[in-house]
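Q: Submitted below is the structure of interest, expressed as structure tokens.
Number of protein chains: 2
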Amino acid sequence: MSGGHGSRPTLEAVAAHAGVSRATVSRVVNGGAGVRAEVRDKVQQSVEALGYVPNSAARSLVTRRTGAVAVVIAEPETRVFSDPFFAQQLRGISRELSERDMQLLLLLLEQRKDYERIGRYLSGGHVDGALMFSLHTEDPLPAMANESGLPTVFGGRPGWPGADREPRPLYVDTDNRGGARQAVEHLLERGRRRIAVITGPLDQTSALDRLHGYRDALDVMEADPALVAHGGFTAEGGERAMAELLDRTPDLDAVFAGSDLMASGAIRTLRAYGRRVPEDVAVVGYDDLEPAAWADPPLTTVRQDVEGMGRMMAELLMRRLGLAPESRGADGVPASVVTSARLVVRASS
Amino acid sequence: MSGGHGSRPTLEAVAAHAGVSRATVSRVVNGGAGVRAEVRDKVQQSVEALGYVPNSAARSLVTRRTGAVAVVIAEPETRVFSDPFFAQQLRGISRELSERDMQLLLLLLEQRKDYERIGRYLSGGHVDGALMFSLHTEDPLPAMANESGLPTVFGGRPGWPGADREPRPLYVDTDNRGGARQAVEHLLERGRRRIAVITGPLDQTSALDRLHGYRDALDVMEADPALVAHGGFTAEGGERAMAELLDRTPDLDAVFAGSDLMASGAIRTLRAYGRRVPEDVAVVGYDDLEPAAWADPPLTTVRQDVEGMGRMMAELLMRRLGLAPESRGADGVPASVVTSARLVVRASS
């Protein structure tokens with residue numbers, strides 16, 4: 001609490017203490033190139049004796065490195081903190097960055113005007129790169145990332161206009177379409193014939209791809225509208241969507257929900273309507289996070305390695321920054337990653 | 001994704017475009033003092049024409065302002081993302097900072113070595129101030145805040161060694177002791193006589209103060225050890241603590257848990273042991289966040305305005321930074337704030 005910036009030892013104080021020039025101290029602090037070993041040692045001793053901490057604003061003018069990475073989740077805080085998906089992805093990112101001694105800065109979004117300030121922050125030279133996830137089609141974030149010139153890695157397949165232009169955005173995704181197909185094929189194998197689907201927001205590729213996987217498994221071009229409801233990736237949304245489906249299609253015998261949270265909401269509604277799970281209605285979720293294990297009955301779901309995806313996002317960014325060995329695609333540029341998804345069968349189906 | 005720092009227009013490019021010196025552009029970008037209006041306009045036009053964004057590292061050397069505030073929660077990410085208390089406090093902070101157009105940077109902690117990096121970050125001139133909460137007695141964060149010279153506001157009454165020395169740490173707290181006393185007095189009024197307590201970590205002042213409030217209500221100097229168990233502020237901890245208490249003191253007829261999450265865990269254990277709530281055992285929690293309303297039966301609890309405390313922390317910091325009108329205590333320095341707590345009676349007692 002005490003002091004203020006003024007009380008910290010300055011570069012000049014270190015120079016005076018070591019009996020060298022300011023420029024020499026600056027060179028040592030910024031890596032020591034071109035400074036004799038005994039001079040370097042003397043400066044280091046003075047740095048330690050005085051407890052000098054180089055001002056990063058000054059240092060980053062020299063090194064053009066800040067040692068920090070911005071993480072932006074394109075969702076209101078309320079969702080960020082209530083959906084375990086984000087905690088898990090952040091954990092992966094955090095572990096990977098921590099191992100590289102990079103500082104993670106989580107930027108929260110809530111109101112429209114927060115975007116503007118975040119755009120300025122990303123363009124302001126405060127960070128070396130950015131990780132962005134849970135983007136929606138109309139999100140201003142990709143354009144901001146582009147304008148800032150910051151190396152950026154996205155979580156989830158890019159679906160925004162222009163995402164297919166070169167240079168292609170770098171991203172980490174999971175096989176959402178294949179995972180959803182497995183889920184619905186499993187329900188078919190169990191003899192279910194009226195299979196409904198609860199989707200996430202269809203302006204997100206993850207939600208869209210899961211709906212496509214549902215169609216693939218049923219081998220239809222379009223889903224029967226009586227069997228589709230939107231749950232917005234929240235538990236409350238799943239609750240509402242399930243009620244809509246039961247009102248519209250009382251004879252449904254299964255439901256595939258595009259997230260575990262929506263599935264747990266759907267189970268609550270089924271119970272309220274007196275339907276037994278899985279005897280009357282089988283339920284399958286997606287994600288395999290805590291809500292799947294806590295659900296009653298425990299949820300059949302599709303497992304994706306969410307923490308691993310977070311780690312990979314951070315690793316791809318480190319490669320872009322030249323801080324990790326490059327792995328390149330066939331065309332010689334760092335390659336995006338799509339991880340696999342796999343069905344986990346439990347009592348709800 | 002494209003470009004890199006090199007592709008952004010430079011100060012020099014703006015100077016050339018406007019036909020003025022580099023120093024003039026720099027002065028305009030940093031507030032325009034001492035520059036004639038028509039020159040300022042010309043530079044502004046060039047800034048816009050080229051899409052120039054001043055490098056904050058350069059600018060902050062001049063203005064000594066970054067426009068950013070660090071928020072550090074002294075808990076592992078797993079707790080930060082599973083306890084709605086933190087989401088709520090962050091929401092308050094985020095709203096207040098957003099109104100002042102300051103960027104919130106959330107720094108996550110997980111491993112011991114993260115502290116070191118965070119210490120360097122705080123000392124590095126990246127932010128104008130810091131907000132820290134959920135500190136433990138042995139936390140290195142207060143010392144780091146002190147060494148960094150950064151204006152800092154704490155959430156929760158400071159309990160670390162030296163916290164009572166001048167200048168006193170600035171903090172926002174709630175009346176934990178009074179709130180807990182109300183909770184236990186309520187149980188006494190309902191005729192309960194064997195009232196147990198489940199505490200949070202006693203190296204946190206919030207947990208300690210709530211235990212003291214329990215003792216105040218029972219009018220004892222020390223709590224009966226057979227009636228005290230530690231739940232670590234988590235639902236799982238509450239579950240375990242309740243089992244310990246029932247094994248040790250089977251005739252208990254009430255329990256006061258120091259958080260709603262611990263109370264919800266306690267209710268699960270009571271159900272598993274075949275005890276009815278509130279008929280056999282009355283339960284009171286603390287916080288009045290979502291878990292209280294979701295609990296079955298809904299939880300009697302102590303309400304504290306968590307979002308409001310977040311707002312106040314941010315506001316106190318803005319005052320310290322001279323960005324909001326000062327309100328000063330009797331001795332002329334900005335004053336810490338302690339908000340009130342109030343019992344909310346529901347079905348669990």
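So the protein sequences, as listed, match chains Y and B. Mapping of the first sequence onto full-length UniProt numbering: residues 1 to 349, in sequence order. Mapping of the second sequence onto full-length UniProt numbering: residues 1 to 349, in sequence order. All residues carry an ideal CB built from backbone N, CA and C; glycine is no exception.
Whose Cβ in chain Y lies nearer than 7 Å to the Cβ of Q44/B?
A: Under the 7 Å cutoff, chain Y gives no residues; its nearest Cβ is about 16 Å from Q44/B.
Q: Any chance you could list the beta strand (DSSP E) runs of at least 3 consecutive residues sitting entirely within the segment 267–314 of chain B, in chain order?
A: If we require 3 residues or more, the beta strand (DSSP E) runs fully inside the segment 267–314 of chain B come out as 282–284, 301–303.
Q: Does S264/B pass the burial test, meaning 16 or more other C-beta atoms within 10 Å, or should it be called exposed?
A: buried
Q: Using a cut-off of 9 Å between C-beta atoms, extract the partners of Q111/Y located in chain B.
A: R95, S98
Q: Give the straight-line distance between the Cα atoms of V228/Y and L218/Y, rounded to the nearest whole angstrom.
A: 13 Å
Q: Exposed or buried, W294/B, counting other C-beta atoms within 10 Å across all chains shown (16 or more means buried)?
A: Classification for W294/B: exposed.
Q: Nearest to P151/Y by alpha carbon, out of D41/Y, L141/Y, A130/Y?
A: A130/Y
Q: Along the chain, which unbroken stretches of the beta strand (DSSP E) at least 3 residues long are found entirely within the segment 123–151 of chain Y?
A: 129–133
Q: Could you please give the first and the last residue of the uninterrupted alpha helix (DSSP H) stretch that includes P84/B?
A: 84–99
Q: Could you tell me the alpha carbon to alpha carbon distance between L202/B and E77/B, rounded to whole angstroms?
A: CA-CA distance, L202/B to E77/B, rounds to 20 Å.
Q: Looking at C-beta atoms only, is the number of pairs between the segment 306–320 of chain Y and the segment 9–22 of chain B that lie closer than 8 Å three or more?
A: no
Q: Do I198/Y and G238/Y have their C-beta atoms closer together than 8 Å?
A: yes
Q: Can you pull the DSSP bridge partners for V72/Y?
A: L107/Y, M132/Y
Q: Determine contact between the segment 120–129 of chain Y and the segment 67–74 of chain Y, defined as no fewer than three beta-carbon pairs at a distance below 8 Å.
A: At 8 Å Cβ cutoff, the stretches touch.
Q: Does chain B have any CB closer than 8 Å to the CB of D114/Y?
A: yes
Q: Under a three-way DSSP split, which group does F233/B fall into?
A: coil
Q: Hey, is D260/B's beta-carbon within less than 8 Å of any beta-carbon in chain Y?
A: Closer than 8 Å: no.
Q: What are the boundary residues of the alpha helix (DSSP H) that includes A254/Y?
A: Not the alpha helix (DSSP H): A254/Y falls in the beta strand (DSSP E), residues 254–257.
Q: Just verifying my parser: in three-state terms, what is the DSSP assignment at T78/B?
A: helix
Q: Expressed to the nearest angstrom, what Euclidean distance is found between the alpha-carbon atoms of G155/B and Y286/Y?
A: 37 Å
Q: Which term fits H5/Y, buried or exposed, when burial requires 16 or more other beta carbons within 10 angstroms of its beta carbon?
A: Since pLDDT at H5/Y reaches only 40, below the 50 mark, its modelled position is unreliable, and the value read off the structure follows with that caveat. Under this definition H5/Y is an exposed residue.
Q: Which same chain residues, not among the five before or five after residue 394/B, have their C-beta less than 7 Å away from its C-beta?
A: In the structure displayed, chain B extends from 1 to 349; residue 394/B sits before or after that span and is not available.
Q: Give the single residue among S134/B, H136/B, A163/B whose Cα lies nearest to the Cα of N146/B.
A: A163/B
Q: Would you say Q89/B reaches chain Y, if we count a Cβ-Cβ gap shorter than 8 Å as a contact?
A: no
Q: Using alpha carbons as the reference points, say which of T339/B, V344/B, S349/B, S348/B lies closest to Y171/B.
A: T339/B
Q: On the CB-based measure, 16 or more other CB atoms within 10 Å of its CB, does A49/Y come out buried or exposed?
A: exposed
Q: Leaving out the 5 sequence neighbours to the left and right, which residues in its chain are closer than 8 Å to G34/Y when beta-carbon positions are compared?
A: R27
Q: Please decide whether Y286/Y counts as near chain B, where near means a Cβ-Cβ distance under 8 Å.
A: No, its Cβ sits nowhere closer than 8 Å to a Cβ of chain B.
Q: If you scan the segment 157–225 of chain B from start to end, which runs of the beta strand (DSSP E) of 3 or more residues do you find wholly inside it?
A: 170–174, 195–199
Q: Can a CB atom of chain B be found closer than 8 Å to the CB of E12/Y?
A: For E12/Y, the nearest beta carbon of chain B is not closer than 8 Å to its own beta carbon.
Q: Select from the segment 120–133 of chain B all residues with a C-beta closer than 8 Å to any C-beta belonging to chain Y, and list them in chain order.
A: R120, Y121, S123, G124, G125, H126
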